[in-house]
Amino acid sequence: MLLENTTQKQPLPGTSQVENSAGGFGWQLDDWGRVDRFLILGCEGGTYYAGERELVLHNAEAAQRCIAADGLRLINRIVAISESGRAPKNDPAIFLLAMTAKLGDEPTRRAAYRALPKVCRIGTHLMHFAHYAQGFGGWGRGMRKAVGSWFNARPATELAYQLAKYQARDGWSNRDLLRLAHPRAASPSHDRLFAWAVKGQLPDGAADDSSLALIVAMQELSMVGSDVATAAEVIRMHRVPRECVPTPLLRHPEIWDALLESMPFTAMIRNLATMTRVGLIAVGAEATTKIARGLRNADRIAKARVHPLSILAALVTYQSGRGRGEGWIPVVEIVDGLDAAFYTSFASVQPANKRMLLALDVSGSMASGSIAGVAGLTPRIGSAAMALVTAATEANHSFVGFTASESGGYGGKWGGRTGITPLDISPRKRLDEVVTQLSGIPFGGTDCALPMIWAKDNKVDVDTFVVYTDGETWAGDVHPAEALRAYRDARGIPAKLVVVGMTSNGFSIADPDDAGMLDVVGFDTSTPPVLSDFARA
């Protein structure tokens, strides 16, 4: 059977389509598909919310059914998605693991606790788990044993780092966890670390225990007072992370110079403003040259796996000279370095290897507001950046804009049908060129059905349609879900649709039962991986 001759009344050959209530065939999600969606998006429906959002039980109803049906299979899925890095946040996996540990049968609970170190890989994760588990029930024997084993299973040197860097989260502290779990220490070093975490004082023998070197260094830093040179030496010698340095010391450039020697790339770009404010980054300074060189290091950028949007957010913030606290004077060498890093990071983006069509809202409102919590990073700049990234990483890509109707009006119910205009966006262009290009186009209403209608009429093969708009998700005479199904029917392609409302507080276009539709409410640095995973899956 040819795909071109397959109607919506037949399943596409070689696919997992199922018959729906109307007699047509689509990609309806079963409970296991909904669990995958929860693990990646944080909810089982067709909407991903950028930013912080509380995970609640009523958003995981399919997971509850899966616990009853096959708890062990669910745990394996939780571990697989958590370890693969597919999800932008690990919290949904931790939430479901806590649920299975508390609501499953005995074999499921035991398996959940055995999986704890695979899902909760750092101290923050463990505290999240305790927070969620507390909501499902108290501390039983299995919980105490699992938490105690989490601490004991780590080599003492690694455990010291975890205890020092992640001391408290979600209303829980290492002291709370150790007091409740009450584990028998796996070694004398573990025993000393437990004593320090619970009592807050160095135990006997700590100074002679190499596993506690970081803890001893923290104690030394708390006692140096105003001796900044000694503090910097301690930081360099023991590679002390910023989180372990007393706050008063962080006002000195010498301290940041010491921290810089072992600072990861992502931490470096997050702290550029602070390092400028305290005077480490200055015109002509040695540290400025060193940092600018690091920003142009392609190998370092690739190793950090930092998305271009994260670098763009850092660039816009740094260039503005203002943040939540005090201001700073941007140094041109750092601005240029961040600009270079933005384009260099394109090579680090894993392509979806799909035929992509991006439909961009080019209306005036896209030039106002902000995304990713960064003042000055407008929806227009963000959508232009995503278009450039797509052009650079996906071999098969198309770009269109929602433009004015043929009559010259805005489009829609009274202004005539909004138009779709192909856009010339290539990886050879710079971001400011694309932003200027989008700003000069006569705009029309954001009819989210039009990209599929246009692609069907022009016989353009597309695997994933992505609409970028601000808060407006207006639909015309044809609902986007119907336009997508008509496109699938006409082209014989299991196409997907994502609608991104970059500054929206909420909308509903995606059919929650259609695995190939997704609404994205808001936009931040965690959003691009969600879009890539959705297109790739």
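Going by numbering that gives the first Met the number 0, the final residue of the sequence shown carries number 536, and the count climbs one at a time with no gaps.
By construction, the Cβ of each residue, glycine as well, lies at the ideal position given by its N, Cα and C atoms.
For residue i, the three-state DSSP class (helix, strand or coil)
i, result
"R85", "coil"
"T526", "helix"
"I419", "strand"
"S397", "strand"
"D512", "coil"
"L28", "coil"
"M41", "Residue identity check: residue 41 is Gly in the sequence provided, not Met. Coil, per DSSP."
"V477", "coil"
"F341", "helix"
"L496", "strand"
"T502", "coil"
"G363", "helix"
"C119", "coil"
"D460", "coil"
"L11", "Interpretation of L11 is limited by its pLDDT of 48, a score under 50 that renders its predicted location unreliable; no figure is taken from the coordinates."
"N296", "coil"
"G23", "Because G23 carries a pLDDT of 47, less than 50, the predicted location of this residue cannot be relied on, and no value is offered for it."
"S538", "Only positions 0 to 536 of the chain appear in the structure, and residue 538 is not among them; the question remains open."
"Q318", "helix"
"G408", "With a pLDDT of 48 at G408, under the threshold of 50, the modelled position of this residue cannot be trusted; read the value that follows with caution. Three-state result, G408: coil."
"A536", "coil"
"S347", "helix"
"N75", "helix"
"V134", "The sequence shown places Gly at residue 134, rather than the Val named in the question. Helix at G134."
"G491", "coil"
Residue i, enclosing beta strand (DSSP E) - first and last residue
i, result
"L359", "355-360"
"D518", "516-520"
"V466", "463-468"
"T46", "46-48"
DSSP bridge partner residues for residue i (one or two, in chain order)
i, result
"W171", "R168"
"F442", "T402"
"T370", "According to the sequence displayed, residue 370 carries Ile and not Thr. According to DSSP, which records beta bridges pairwise, I370 is partnered with V373."
For residue j and residue i, the rounded distance between their alpha carbons
i, j, result
"I268", "A313", "6 Å"
"L220", "E260", "18 Å"
"S83", "E393", "22 Å"
"I280", "T273", "9 Å"
"P91", "W149", "20 Å"
"A339", "A534", "28 Å"
"A180", "N173", "10 Å"
"V497", "C42", "16 Å"
"H396", "A351", "11 Å"
"L73", "Q161", "28 Å"
"A301", "A384", "18 Å"
"Y409", "V465", "Any reading at Y409 is ruled out, since the residue's pLDDT is 47, under 50, leaving its predicted position unreliable."
"G122", "F128", "10 Å"
"G368", "R487", "35 Å"
"K198", "V244", "19 Å"
"T6", "A489", "Confidence at T6 is low in this model, with a pLDDT of 43, below 50, so the placement of that residue should be treated as unreliable; the coordinate-derived value is given next. Using only the alpha carbons, I get a separation of about 8 Å."
"N296", "P263", "13 Å"
"A97", "S531", "28 Å"
"H478", "R299", "45 Å"
"L387", "L359", "12 Å"
"T46", "R52", "12 Å"
"C447", "H306", "27 Å"
"W453", "I419", "7 Å"
"R178", "A155", "19 Å"
"I370", "D203", "51 Å"
"L517", "G500", "11 Å"
"L201", "S209", "13 Å"
"V399", "W195", "60 Å"
For residue i, the first and last residue of its enclosing alpha helix (DSSP H)
i, result
"G141", "140-151"
"R429", "No alpha helix (DSSP H) holds R429; DSSP gives it neither H nor E."
"G381", "378-392"
"L95", "90-102"
"L54", "That residue, L54, is in no alpha helix (DSSP H); it is neither H nor E in DSSP."
"W453", "449-456"
"T246", "Note, T246: premise wrong, no alpha helix (DSSP H); not H, not E."
"E105", "105-113"
"E325", "Run containing E325: none; DSSP gives neither H nor E here."
"H306", "It is not in any alpha helix (DSSP H) - H306 carries neither H nor E in the DSSP assignment."
"V227", "227-237"
Below-8 Å beta-carbon distance, residue i vs any chain B residue
i, result
"F94", "No chain B is present in this structure, which holds just one protein chain."
Start-end ranges of the alpha helix (DSSP H) lying completely within the region 182-225, minimum 4 residues: Within the region 182-225, the complete alpha helix (DSSP H) segments at least 4 residues long are 187-198, 212-220, listed from N- to C-terminus.
Those runs of the alpha helix (DSSP H) which lie wholly inside the region 250-292 and span at least 4 residues: Whole alpha helix (DSSP H) segments, 4+ residues: 252-259, 264-269, 271-276.
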